[in-house]
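Residue numbers (the numbering used here): 76 to 480.
One structure is given here, and the rest of the page talks about it.
Structure follows, in structure tokens:
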């Protein structure tokens with residue numbers, strides 16, 4: 076029988092524009108904020124939140140997309156050097172939640188009583204670019220498939236998600252305003268998030284009128300590059316009991332990871348950005364947890380672009396196919412609606428340091444379930460849902476509930 080898995084501590088840094096934050100040295104000089112600094116800050120906060128020492132952590136899974144081999148070890152050495160296994164994780168934009176998934180597996184399978192999932196990213200300004208150009212690109216097949224049904228535009232990411240948005244508009248009659256309303260909502264939510272890269276509210280006209288990246292996606296509907304880190308401490312039921320942590324523990328009641336299916340290349344833009352992966356992962360989590368979309372009050376999902384959030388409303392079962400625009404118009408995904416989606420501000424406004432995003436989502440939902448999210452707090456939260464995706468591809472969906480002891 077699988078062991079129960081609990082989140083007992085979370086922590087994150089503020090997400091920052093790449094290169095903006097400086098560290099003041101003891102001699103009064105300054106240097107650029109680096110990934111060990113980020114990991115130390117997020118990891119120490121998670122350990123303090125759990126009320127444990129790093130020596131009690133038995134395994135660590137450390138995620139990042141851009142960096143040298145064993146950067147994970149260098150990062151957690153800021154917390155301690157105890158000889159434990161440290162696994163470096165890279166799964167594109169779902170790296171942070173993949174680290175979370177692996178740490179949860181270790182607990183669930185009885186391989187560890189306490190594990191750390193940590194993610195960080197130190198990014199270059201501007202659009203994402205490939206690093207290794209002397210070999211096959213992992214997204215090459217996806218790009219070629221989309222090029223057969225859509226005009227090609229660079230950078231690749233906004234083109235892929237924008238093409239899926241255009242496809243949806245043609246099929247279901249959504250308008251540019253529906254996508255803009257998502258950007259408007261998420262920027263508004265981030266005003267109350269001290270960890271957010273952006274904390275400015277914009278009008279709907281501001282969103283629609285910002286620079287066009289790939290129609291219908293304007294700049295204020297696209298996630299920025301970011302520096303930052305997030306961390307979560309996971310533990311078994313026995314560990315929770317020994318340390319008397321049930322009052323703050325949050326249980327992972329369902330979790331699934333999916334990768335591309337043959338249907339990814341069925342000729343639709345939405346499947347090339349992971350729609351089928353998302354559908355199957357969500358269904359697996361609902362089956363595991365016994366919960367359905369209607370049972371969640373708060374959701375953190377992967378809004379790298381507003382088009383993805385709109386499609387996720389349907390993939391996660393918040394509504395039927397073609398019904399997302401009506402959901403948006405009715406205000407059902409913000410405060411006062413049926414769900415509050417991305418109370419943190421989401422990737423669009425909170426920021427998107429690739430390796431940290433999934434763990435920042437975990438942190439937000441843990442705070443929401445504990446009732447400690449401050450001005451962002453959603454009323455009467457009993458269950459929370461997380462979605463994180465990386466193209467190429469991996470989708471991770473996780474369901475949380477307060478520990479029932």
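From the three backbone atoms N, C-alpha and C, an ideal C-beta is built for every residue, glycine too.
Sequence-distant Cβ neighbours of residue 342 in its own chain, meaning closer than 7 Å and more than five residues away, are 224. Secondary structure of residue 152 (DSSP, three-state): coil. Contact between the stretch 89-96 and the stretch 268-275 is established, with three or more Cβ pairs separated by less than 8 Å. Annotation: residue 238 to residue 348 spans about 10 Å, alpha carbon to alpha carbon.
In the pairwise beta carbon analysis, the stretch 381-395 is classified as touching the stretch 238-256: at least three pairs are separated by under 8 Å. Unbroken alpha helix (DSSP H) runs of no fewer than 4 residues, entirely contained in the stretch 334-365, are found at 344-347 and 350-364, following chain order. For residue 437, the uninterrupted alpha helix (DSSP H) run begins and ends at 432-445, by DSSP. Fully contained in the stretch 277-345 are the following alpha helix (DSSP H) runs of length 4 or more, in chain order: 279-284 and 312-317. With a threshold of 16 other beta carbon atoms within 10 Å, residue 459 meets it and is buried. Residue 236 sits in a helix when the DSSP states are folded into three classes. The C-alpha of residue 322 is placed about 31 Å away from the C-alpha of residue 263. Here the stretch 203-219 makes no contact with the stretch 144-152; the two share fewer than three CB pairs at distances below 8 Å.
The stretch 330-344 makes no contact with the stretch 112-120; the number of CB pairs closer than 8 Å stays below 3. In this structure, the alpha-carbon of residue 146 lies about 19 Å from that of residue 435.
Remark: fewer than three beta-carbon pairs, one from each stretch, lie closer than 8 Å, so the stretch 406-416 and the stretch 426-442 are not flagged as touching.
For residue 125, the enclosing alpha helix (DSSP H) stretches over residues 110-125. Per DSSP, reduced to three states, the secondary structure at residue 462 is strand. Between residue 305 and residue 282, the C-beta spacing is not below 8 Å. In this structure, 456 is the residue among 467, 126, 462 and 456 with its C-alpha nearest to the C-alpha of residue 478.
The beta carbons of residue 448 and residue 83 sit about 17 Å from each other, so the pair does not count as a contact at 8 Å. With contacts defined as CB atoms closer than 8 Å, residue 194 and residue 170 qualify as a contacting pair. In the displayed model, residue 473 falls within a strand according to three-state DSSP.
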